[in-house]
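Peer 1: Right, I'll just put the structure down here and ask away after.
Residue numbers (my numbering): 365 to 989.
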């Protein structure tokens, strides 16, 4: 195995028969069903471990055939299995196998020479059981790239299966985390590249244009592209590379600009995610030159400078900003306390240090002028402030939100100055909602999709106008993005980067079904089904409303009935609607009129529910008491 192959991640794409119907997954995948005899069957292929570290003595590989109707696994099946190189289509291994059990277990031992071992049936089929798996020594999983596996069912329970529709074609992708180096200004930097599709043949860095590229073999044939849900790759860039850390990052594929996700939330590195769905690949096919249709070149380029030191987030979160003075004769260090609490009517401490611009040494015996402004108005102004040790701390209190500017000038009576800006904002409140979805710990690694545990719950049903909160309980950053990986974002909602322990919320104002996924880890998928809040109000509730409007039942009986329906969730109202103290003891006449109009269809469900919310707010109906 190549010494740079530190880690592999197995991705599988299944194609049933000769059609273009396929399933996709990581480590475990099921095909679409095909009819064999009187039954519809599908094949499940699994590998263990999901993640290859490069030093495995053996890799578990298994094939299971499932009856779609009963969902039971089928035993006593003979298979023909062919393993091909995904690029050249050359056969690496071909063998017939049989298992009397519900699963055909195979142990693959990476080796340069091919050899099969195990017991055989009288007709020469290799036998694989849980107690004695079939063993293959061979040139498999030696490096990243595509491996094509064709699984053909030969017989079931001794009955020969014939015909064309009995072969399942499986495309395995061995991913790699590949370390590499680049030189910038005669200094070496260590980077990492993750490919989830194929091996990388070449890295290069153009120091003049500050552009980094990784070349991966790729078949741009449209029929091949249509079988691929997406291509995923990542750069891991140390933040010590200022060309990328302090600048925007432009992403390209074969020199064509594309959009991707750039995660700067880590302490030590930037992660640049390429996630190219099928539709985008097909568009790129029409744009790239014909002589480049044998490769994908993932490019990142240093763009315009990022105003790192002036970024609101840096100062508000207590991080230090460093700037040269206007005459470049001082280096000002500036930061704020308390971290994350730069809010109105809250004491804020401005911390200032004066350093030598070359040696960065702290300089004592300083005098200077200070001006603090909020929304253009002076909050604090002092001349000839003195700091014997070169450090100063000033408390200020802002009475409202807005843009704040701190000006330092006249340092030691020299005409030099510096300026820092940040925002004063309302205190952050804890995100609350009607439903919560957990982004599970460990979901940034493949495997959680096997038991639908990446997002928990994976599927959620909510009422219209309810709020769903996604909380990131993983140590890695994630996104919650409407759409599916194969088609890309749909544009309904997008959390962008959710750092660890942070949350994202979205109010679903429209009924419908909404799929979503993580653009950083596309095996993570979920869905939210939104029901109209008034769809399920039973007809007999309208009958009660009519009787009440005709004064056949009392106010109390009608209110008690509605209260019961709300508490039993037969009628749904937003969680934000709560009971307030009120002197109201009877239901006003306008609500009686509304009830009559609603019962005869003149008033809509949602308009009637506004009246119900009014009764809750004014204490006539008490929910949950």
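Note that beta-carbon positions come from the ideal geometry of N, C-alpha and C, so glycine has one too.
1) How many angstroms separate the CA atom of residue 586 from the CA atom of residue 647?
2) Counting only runs of 3+ residues fully inside the segment 649 to 722, write out the beta strand (DSSP E) ranges in chain order.
3) Buried or exposed: where does residue 562 fall if 16 or more other Cβ atoms within 10 Å of its Cβ makes it buried?
4) I need the boundaries of the alpha helix (DSSP H) containing residue 444, first residue and last residue.
5) Less than 7 Å separating the beta-carbons of residue 461 and residue 504?
6) From residue 847 to residue 887, what distance separates their C-alpha atoms?
7) Is it true that the segment 771 to 780 meets the segment 692 to 708, where meeting means three or more beta-carbon pairs spaced less than 8 Å apart?
8) Considering only the beta carbon of each residue, do residue 893 and residue 825 sit closer than 7 Å?
9) Just to confirm the assignment, what range does the alpha helix (DSSP H) spanning residue 638 have?
10) Would you tell me roughly how many angstroms separate the C-alpha atoms of residue 748 and residue 779, rounded to the nearest one?
11) Per DSSP, which residues does residue 469 bridge with? Please list them.
12) Pairing CB atoms from the segment 782 to 792 with CB atoms from the segment 803 to 822, are three or more of them under 8 Å?
13) Under 7 Å Cβ to Cβ from residue 497, same chain only, skipping five residues before and after it: list those, please.
14) Under 7 Å between the Cβ atoms of residue 564 and residue 580?
15) By the 10 Å Cβ neighbour count, where 16 or more other Cβ atoms means buried, how is residue 662 classified, buried or exposed?
16) Can you find the residues in the same chain that come closer than 6 Å, C-beta to C-beta, to residue 891, ignoring five residues on each side of it along the sequence?
17) With H, G and I counted as helix, E and B as strand and the rest as coil, what does DSSP make of residue 946?
18) Between the alpha carbons of residue 325 and residue 713, how many angstroms are there, rounded?
19) By the 10 Å Cβ neighbour count, where 16 or more other Cβ atoms means buried, how is residue 730 classified, buried or exposed?
20) Where does residue 903 land, buried or exposed, given buried means 16+ other C-beta within 10 angstroms?
21) Per DSSP, what kind of secondary structure is residue 888 in: helix, strand or coil?
22) Quick one: grab the DSSP three-state call for residue 516.
23) From residue 965 to residue 923, what distance separates their C-alpha atoms?
24) Less than 6 Å between C-beta atoms, sequence neighbours within five positions excluded: which residues of the same chain meet that for residue 755?
25) Might you give, ordered along the chain, the residues of its own chain that have their beta carbon closer than 6 Å to the beta carbon of residue 520, omitting 5 neighbours on each side?
26) Between residue 883 and residue 637, how many whole angstroms is the CB-CB distance? I'm expecting something under 8 Å.
27) Between 837, 759, 680, which lies nearest to residue 786 when the distance is taken from Cα to Cα?
28) For residue 481 and residue 473, what's the separation of their Cα atoms in angstroms?
29) Rounded to whole angstroms, what's the CA-CA distance from residue 957 to residue 594? Just pull it up for me.
30) In chain order, what residues of the same chain lie with their CB nearer than 7 Å to the CB of residue 525, ignoring the 5 residues before and after it?
31) Of the choices 752, 743, 750, whose alpha-carbon is the least far from that of residue 759?
32) Which same chain residues, not among the five before or five after residue 816, have their C-beta less than 6 Å away from its C-beta?
33) Would you say residue 689 and residue 624 are within 7 Å of each other, going by their C-beta atoms?
34) Identify which residue in 925, 895, 889, 484 has its Cα closest to the Cα of residue 906.
35) Taking 6 Å as the limit between beta carbons, can you name the residues of its chain near residue 733, skipping five residues before and five after?
36) Run the CB neighbour count on residue 857, radius 10 Å, all protein chains shown included, and call it buried at 16 or more, exposed below.
Peer 2: With the structure as the only source:
1) Those two C-alpha atoms are separated by around 10 Å.
2) Within the segment 649 to 722, the complete beta strand (DSSP E) runs of at least 3 residues fall at 659 to 669, 685 to 688, 695 to 701, 711 to 719.
3) Per the 10 Å Cβ criterion, buried.
4) In the DSSP annotation of this structure, residue 444 is not part of any alpha helix (DSSP H); the continuous beta strand (DSSP E) holding it starts and ends at 441 to 449.
5) Against a cut-off of 7 Å, the Cβ pair of residue 504 and residue 461 comes out as no contact.
6) About 13 Å.
7) Inter-segment contact for the segment 771 to 780 and the segment 692 to 708 is present: three or more beta-carbon pairs are separated by less than 8 Å.
8) Yes.
9) Per DSSP, residue 638 belongs to no alpha helix (DSSP H); it is in the beta strand (DSSP E), 633 to 641.
10) The straight-line gap separating the alpha-carbon atoms of residue 748 and residue 779 is approximately 13 Å.
11) Beta-bridge pairing links residue 469 to 426.
12) Output reads no: the segment 803 to 822 does not touch the segment 782 to 792.
13) Cβ neighbours of residue 497 beyond the five flanking positions: 469, 470, 471.
14) In contact: residue 564 and residue 580 (Cβ atoms closer than 7 Å).
15) Classification of residue 662: buried, given that the 10 Å Cβ count is 16 or more.
16) Around residue 891: 823, 879.
17) Any reading at residue 946 must be qualified, since the residue scores a pLDDT of 46, below 50, and its modelled position is unreliable; the value itself is stated next. Residue state, collapsed to three classes: coil.
18) There is no way to answer for residue 325, as the model of the chain reaches only from 365 to 989.
19) Result: buried.
20) Its Cβ having fewer than 16 others within 10 Å, residue 903 is exposed.
21) In this structure, residue 888 counts as coil in the three-state DSSP scheme.
22) Three-state result, residue 516: strand.
23) Going by the C-alpha atoms only, they are around 21 Å apart.
24) Excluding residues within five positions, the ones whose Cβ falls inside 6 Å are 717.
25) Non-local beta-carbon contacts of residue 520 in its own chain, meaning distances under 6 Å to residues more than five positions away in sequence, involve 441 in chain order.
26) So it is a contact: roughly 7 Å between Cβ atoms.
27) Of the candidates 837, 759, 680, the one whose C-alpha sits nearest the C-alpha of residue 786 is 680.
28) Taking the straight line from one Cα to the other gives about 11 Å.
29) Straight-line Cα distance between these residues: approximately 57 Å.
30) Cβ neighbours of residue 525 beyond the five flanking positions: 400, 517, 518, 519.
31) Residue 759 has its Cα closest to that of 743, out of 752, 743, 750.
32) Answer for residue 816: 822, listed in chain order.
33) Taking a C-beta distance under 7 Å as the contact criterion, residue 689 and residue 624 do not qualify as a contact pair.
34) Of 925, 895, 889, 484, the smallest CA-CA separation from residue 906 is found for 925.
35) Only 747, 773, 774 meet the Cβ criterion.
36) So residue 857 counts as buried.
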